[in-house]
Amino acid sequence: MTFLEGLHRVLIVLTLAMAGYIGYGRLIADKKFSLKRFILVGVLSLVLIWATWYVGTSVNQ
């Protein structure tokens with residue numbers, strides 16, 4: 001396994017963990033809605049998805 005393949009697997013796991021965090025936050029509504037946290041989680045999710053796609057395309061070349 002090359003470095004990029006390992007990085008790709010780590011990014012996939014992080015993206016799935018972020019999706020789980022978002023889903024957990026929707027199921028357990030014990031915290032007050034925070035626009036700052038909403039934007040931070042949204043931007044981080046988009047960056048993780050983009051990085052996973054970018055590394056995946058680099059691995060598959």
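The numbering of the sequence shown is UniProt numbering, which starts it at 1 and goes up by one.
Each residue gets a CB set at the ideal place from its N, CA and C atoms; glycine is no exception.
Of the residues the options, the one placed nearest residue i, counting alpha carbons only
i          : options           : result
residue 16 : 56, 45 and 54     : 45
residue 12 : 59, 51, 58 and 60 : 51
residue 53 : 41, 21 and 9      : 9
residue 38 : 19, 55 and 56     : 19
Cβ neighbours of residue i in the same chain (closer than 6 Å, five flanking residues each side left out)
i          : result
residue 58 : 4
residue 35 : none
Nearest-angstrom beta carbon gap, residue j and residue i [assumed within contact, 8 Å]
i          : j         : result
residue 48 : residue 7 : Going by Cβ atoms, the distance from residue 48 to residue 7 rounds to 12 Å, so no, they are not a contact pair.
Status (buried if at least 16 other CB within 10 Å, exposed otherwise) for residue i
i          : result
residue 43 : exposed
Chain-order list of residues whose beta-carbon lies under 7 Å from that of residue i (same chain, five-residue window excluded)
i          : result
residue 55 : 4, 7, 8 and 11
Neighbourhood of residue i by C-beta distance below 8 Å, restricted to the same chain and skipping five residues each side
i          : result
residue 22 : 41 and 45
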